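Peer 1:
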Amino acid sequence: HMWFGDLVTMEWWNDLWLNESFATFTSIACQASAPGSRWPHSWTTFANSMKTWAYRQDQLPSTHPIMADIRDLDDVLVNFDGITYAKGASVLKQLVAYVGEDEFFNGVQAYFKQHAFGNTRLSDLLGALEETSGRDLKTWSKKWLETAGINVLRPEVATDADGVITSFAVRQEAPALPVGAKGEPTLRPHRIAIGLYDLDDAGKLVRVKRVELDVDGELTAVPELSGVRRPAVILLNDDDLSYAKVRLDEESLAVVTEHLGDFAESLPRALCWASAWDMTRDGELATRDYLALVLSGIAKESDIGVVQSLQRQVKLAIDLYADPAAREALLTRWTEATLTHLRTAEPGSDHQLAWARAFAATARTPEQLDLLDALLEGTQTVEGLVVDTELRWAFVQRLAAVGRFDEAEIAAEYDRDRTAAGERHAATARASRPTAEAKAEAWASVVESDKLPNAVQEAVIGGFVQTDQRELLAPYTDRYFEVLKDAWDSRSHEMAQQIAVGLYPAIQVSEETLTKTDDWLSSATPNAALRRLVSESRSGIERALRAQAADAGASA
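The sequence shown: position 272 = 329 (my numbering), numbered continuously.
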C-alpha cells in the first residue's frame, strides 16, 4: 500500500485493484522468495486459499472485470472482493511471467519515479512496462483487465504404442458467463509452464521436464513435447504462473488419485488439489471420487493451510454437491477418517489440532459424541492434544448442535471464559441447538432487533445455519425473503450484508428455493448492492443442483 495507493495514488476507484492486488502480490512474493523466509511455500497457500476465492467469485453472476465500473460508494464497498484482491494478484503474477520478472520490476520502478506523489491511470503503468519489456500490453490489458470470467486449460496428448508422445496441444476454453453477468466469454493470452512428473526410486513424484510457452487462442500446439516419453503426470500451468482452471488428462488423474500426496514439492500438489476441487464443483468429478482422492493424499500433505482448505472443501462437497441419497454414507466415511487422522497425527502438531476441529465439526454417532464429551471433561485424552479454550468451544458447539448440550452446559462453559470471544462462542452454541425455540430466539435476535454487536450477530448467524438441520430451518426460507429488504434498509452496510448472505437459505438446495429467489428479485426492487448479494447466493443453489445431478448420474 505504501507504493500503489500512497506513493502513487489511483485517479479513480476503478483502479482500486492496483492498490489491493499489488499489496497482496508483493506480500506473498516477498514471503516466498526472501532468503531464510519462514514462509517459503506462500505461493502454495495462495493457490489453495486466495486463488480459490478468486475462482469462486469469478463464476458468480456479479463477476466483473478487474477494472470494475465504480459509480458510487455502494459499488466501492462490494468491490472489495475476490476479483479485486485474489484475481488481481493472480493476474499480476501472470503479468510478471508474461513480460519477465526483471522487466516487470524495472518498469514498476520507472513508474514510481515518474509519478511519485501523483495520481495515475492504468495506462501509465502499462506504458512503463511496455518500455522495459518490448511487449504490446494493450491487447493483454483489454483481455485480462477489461473482461470477466475464467478460462479452462485442457491437455490434448497422443502417444504411440511405446508410450512416446506423438502430439501435444493445450486447448483453451472460455465457458459462458453466469446468467446475469455482463460481457462475453474471452480467450486470453496465457504464459504458462507445463510440468512432466514421474515417480522416482523413492516413490516421489518429481519434475523431469518443464516447458514454458505462450498459449493463445483455442488450440496451441506444443512441438517441444513430441518425441518425449509420456510421464506419469502432465501438469498444465505448473508453477501457477497464470489464472485459469486446469484439467488433468485421464491418465494423469488416475496417477494423482493414488499418488497426490507423493509430490516432492508442495506447489504442484496444491495445483492438483485445486484441479480436483474445480472438477468437483463443475460436476466433472463425483463427490465420492473427490473424497477418495483427498483421503488417499491428505495424510502426506505437509502444508497446514492446504490441509485446512481440503477439510473445508470436503465438508462443503458432501453437504452441497453430493447426491443427497449418498450424503449420509459420505459423511460417515469422512467423520471416521477425521477421527483416524486425529489419533495418528503427530502429537501436539498443527495437523493434529486441525483434525480435532474437523472431527468436532462432523461427529455424529453416539460413540463419536461420547468421545467429544469425554475429551471436554478430560476423562479421555489423545496424546499431544491440548484441549484449550478455543477447542473446548468447538466441542461444546457441536454437542449443542446435536442436542446433547443445552443452556446449562453452554452457560457453564461461558462462566469459564468470560471474554468477548467467549460471548461470541456461547452465542453460536445457543443458536445451533436443534429446536424450534432456539432457532426462533436466534432469528429474532438478528432480524427483529438491532441490538447485537457486529461480531455477536455474525456468531449467531454462524450457529443458526447448520447443514444437519435442513428440515428445521426450512420455514425460514419464506421468512428470509419477507424481512430482507427492511433489514437491509435499516442496518449499517456490514450488519445488513451479514443478514443478506448469512441467512440466505443456501442449504435448501432445490428448484423451489430458486423460484422463491427469482420471485423476490423481480418484485422487491432491491438496490444494486443487495441484488448482487442475493444473486450470488442464488448461483450457489444453481451450482449445487447441477453438481448433485452429475453426482447422481455418476453413481448410477
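By construction, the Cβ of each residue, glycine as well, lies at the ideal position given by its N, Cα and C atoms.
For clarity, every value in this text was computed on a predicted model and none was experimentally measured.
Give me the Cα-Cα distance between residue 279 and residue 82, rounded to the nearest whole angstrom.
Peer 2: In the sequence shown, counting from the first residue as 1, residue 279 sits at position 222. In the sequence shown, counting from the first residue as 1, residue 82 sits at position 25. So the alpha carbons of these two residues sit roughly 30 Å apart.
Peer 1: Using C-beta distances below 6 Å, list every residue in its chain close to residue 101, excluding the 5 sequence neighbours before and after it, in chain order.
Peer 2: Indexing the sequence shown from 1 puts residue 101 at position 44. Only 323, 324, 327 and 360 meet the Cβ criterion.
Peer 1: Report yes if the CB atom of residue 467 is closer than 7 Å to the CB atom of residue 481, and no otherwise.
Peer 2: The residue given as residue 467 occupies position 410 in the sequence shown. The residue given as residue 481 occupies position 424 in the sequence shown. Cβ distance not < 7 Å, so residue 467 and residue 481 don't count as in contact.
Peer 1: Would you mind sorting residue 248 into buried or exposed? The rule is 16 or more other CB atoms within 10 Å of its CB.
Peer 2: On the sequence shown, position 191 is the one that residue 248 refers to. Classification of residue 248: buried, given that the 10 Å Cβ count is 16 or more.
Peer 1: Under 7 Å Cβ to Cβ from residue 175, same chain only, skipping five residues before and after it: list those, please.
Peer 2: To locate residue 175, count along the sequence shown from 1; it is residue 118. Within the same chain, residue 175 has close Cβ partners 65.
Peer 1: Span of the alpha helix (DSSP H) holding residue 213?
Peer 2: On the sequence shown, residue 213 is found 156 positions in, with the first residue counted as 1. Segment 209-216 is the beta strand (DSSP E) holding residue 213; no alpha helix (DSSP H) there.
Peer 1: Using a Cβ-Cβ cutoff of less than 6 Å, which residues in the same chain neighbour residue 173 once the five nearest sequence positions on both sides are dropped?
Peer 2: Within the sequence shown, residue 173 is the residue found at index 116, counting from 1. Here the set comprises 64.
Peer 1: Just to confirm, is the Cβ distance from residue 306 to residue 212 under 7 Å?
Peer 2: Looking up residue 306 in the sequence shown gives position 249. Looking up residue 212 in the sequence shown gives position 155. Their beta carbons are under 7 Å apart, which means residue 306 touches residue 212 by this criterion.
Peer 1: Leaving aside the five residues before and after residue 375 along the sequence, list all residues of the same chain whose C-beta is less than 8 Å from its C-beta, in chain order.
Peer 2: Reading the sequence shown from its first residue, position 318 is the one you call residue 375. Same-chain partners within the cutoff: 344, 348, 384, 387, 388 and 391.
Peer 1: State the start and end residues of the unbroken beta strand (DSSP E) segment that holds residue 226.
Peer 2: Along the sequence shown, read from residue 1 onward, the residue named residue 226 stands at position 169. Looking at the DSSP string, the run of the beta strand (DSSP E) that includes residue 226 is 222-230.
Peer 1: Pick from 106, 126, 439 and 417: whose alpha carbon is nearest that of residue 367?
Peer 2: Taking the first residue of the sequence shown as position 1, residue 367 is located at position 310. With distances taken between Cα atoms, residue 367 lies closest to 106.
Peer 1: By how many angstroms is the C-alpha of residue 397 removed from the C-alpha of residue 510?
Peer 2: Residue mapping note: residue 510 aligns to position 453 of the sequence shown, counting from 1. Residue mapping note: residue 397 aligns to position 340 of the sequence shown, counting from 1. If you take the alpha carbons of residue 510 and residue 397, they lie about 39 Å apart.
Peer 1: Could you say which of 332, 393 and 379 lies nearest to residue 352 if we only look at CA atoms?
Peer 2: What you label residue 352 is simply residue 295 of the sequence shown in a count that begins at 1. When only C-alpha atoms are compared, the closest one is 393.
Peer 1: Can you round the beta-carbon distance between residue 437 and residue 426 to whole angstroms, since I take them to be within the 8 Å contact cut?
Peer 2: For the purposes of this step, residue 437 is identified with residue 380 of the sequence shown, where counting begins at 1. For the purposes of this step, residue 426 is identified with residue 369 of the sequence shown, where counting begins at 1. With a Cβ gap of about 13 Å, residue 437 and residue 426 do not count as contacting.
Peer 1: Quick one: what's residue 252 bridged to in DSSP?
Peer 2: Within the sequence shown, residue 252 is the residue found at index 195, counting from 1. Partner(s): 267 and 292.
Peer 1: On the DSSP bridge list, what partners appear for residue 67?
Peer 2: Against the sequence shown, residue 67 aligns to sequence position 10. According to DSSP, which records beta bridges pairwise, residue 67 is partnered with 177.
Peer 1: Using the Cα positions of residue 558 and residue 146, report the straight-line distance between them to the nearest angstrom.
Peer 2: On the sequence shown, position 501 is the one that residue 558 refers to. On the sequence shown, position 89 is the one that residue 146 refers to. Answer to the nearest angstrom: the Cα atoms are 25 Å apart.
Peer 1: Give a yes or no on contact between the stretch 187-194 and the stretch 239-248, applying the rule of three or more CB pairs nearer than 8 Å.
Peer 2: No, the stretch 187-194 is not in contact with the stretch 239-248.
Peer 1: Which class does residue 144 belong to by DSSP, given the choice of helix, strand or coil?
Peer 2: Looking up residue 144 in the sequence shown gives position 87. Helix.
Peer 1: Could you tell me the distance, in whole angstroms, from the CA atom of residue 519 to the CA atom of residue 266?
Peer 2: Along the sequence shown, read from residue 1 onward, the residue named residue 519 stands at position 462. Along the sequence shown, read from residue 1 onward, the residue named residue 266 stands at position 209. Those two C-alpha atoms are separated by around 47 Å.
Peer 1: Pick from 75, 232 and 155: whose alpha carbon is nearest that of residue 180?
Peer 2: On the sequence shown, residue 180 is found 123 positions in, with the first residue counted as 1. For the residues 75, 232 and 155, the minimum Cα distance to residue 180 belongs to 75.
Peer 1: According to DSSP, residue 172 sits in a beta bridge with which residue or residues?
Peer 2: For the purposes of this step, residue 172 is taken as residue 115 along the sequence shown, with counting starting at 1. Answer is none; residue 172 lacks a bridge partner.
Peer 1: Can you tell which of 336, 217, 490 and 334 has its C-alpha closest to the C-alpha of residue 287?
Peer 2: Residue 287 sits at position 230 when you count from the first residue of the sequence shown. Residue 287 has its Cα closest to that of 217, out of 336, 217, 490 and 334.
Peer 1: Starting from residue 204, trace the beta strand (DSSP E) both ways and give me its first and last residue.
Peer 2: On the sequence shown, residue 204 is found 147 positions in, with the first residue counted as 1. Unbroken run through residue 204: none, as it is neither H nor E.
Peer 1: Quick check on DSSP: helix, strand or coil for residue 438?
Peer 2: In the sequence shown, the residue the question calls residue 438 occupies position 381. Of the three classes helix, strand and coil, the one that applies to residue 438 here is coil, per DSSP.
Peer 1: State the start and end residues of the unbroken beta strand (DSSP E) segment that holds residue 420.
Peer 2: Position 363 of the sequence shown, counted from the start, is the residue given in the question as residue 420. Neither: residue 420 is in no beta strand (DSSP E) and is coded neither H nor E.
Peer 1: Got a sec, what are the start and stop residues for the beta strand (DSSP E) residue 276 sits in?
Peer 2: Start at 1 with the first residue of the sequence shown, and residue 276 comes out as number 219. Taken as a continuous stretch (DSSP letters only), the beta strand (DSSP E) holding residue 276 covers 276-278.
Peer 1: Can you give the Cα-Cα distance for residue 312 and residue 256, rounded to whole angstroms?
Peer 2: For the purposes of this step, residue 312 is taken as residue 255 along the sequence shown, with counting starting at 1. For the purposes of this step, residue 256 is taken as residue 199 along the sequence shown, with counting starting at 1. Distance between the alpha carbons of residue 312 and residue 256: 10 Å.
Peer 1: Tell me the residue span of the alpha helix (DSSP H) that contains residue 372.
Peer 2: For this step, residue 372 is matched to residue 315 along the sequence shown. Residues 361-373.
Peer 1: Can you tell which of 199, 498 and 439 has its C-alpha closest to the C-alpha of residue 464?
Peer 2: Translated into positions along the sequence shown, residue 464 becomes position 407. With distances taken between Cα atoms, residue 464 lies closest to 498.
Peer 1: Flag this pair as yes or no: are the beta carbons of residue 210 and residue 221 separated by less than 7 Å?
Peer 2: Here residue 210 corresponds to residue number 153 of the sequence shown, with the count starting at 1. Here residue 221 corresponds to residue number 164 of the sequence shown, with the count starting at 1. No, they are not a contact pair.
Peer 1: Using 7 Å as the threshold, is the C-beta distance between residue 402 and residue 412 below it?
Peer 2: For the purposes of this step, residue 402 is taken as the residue at position 345 of the sequence shown. For the purposes of this step, residue 412 is taken as the residue at position 355 of the sequence shown. Yes, Cβ-Cβ distance for residue 402 and residue 412 is below 7 Å.
Peer 1: By Cβ distance below 6 Å, which residues in the same chain neighbour residue 320 in space, the five residues on each side in sequence not counted?
Peer 2: The count along the sequence shown starts at 1 and reaches residue 320 at position 263. Answer for residue 320: 262 and 326, listed in chain order.
Peer 1: Following the continuous alpha helix (DSSP H) through residue 326, name the residue where it begins and the one where it ends.
Peer 2: Position 269 of the sequence shown, counting from 1, holds the residue named residue 326. Taken as a continuous stretch (DSSP letters only), the alpha helix (DSSP H) holding residue 326 covers 323-338.
Peer 1: So what does residue 302 bridge to, in DSSP terms?
Peer 2: Translated into positions along the sequence shown, residue 302 becomes position 245. Residue 302 is bridged to 209.
Peer 1: Can the beta-carbon of residue 545 be found less than 7 Å from the beta-carbon of residue 587?
Peer 2: Here residue 545 refers to the residue found at position 488 of the sequence shown. Here residue 587 refers to the residue found at position 530 of the sequence shown. Their beta carbons are under 7 Å apart, which means residue 545 touches residue 587 by this criterion.
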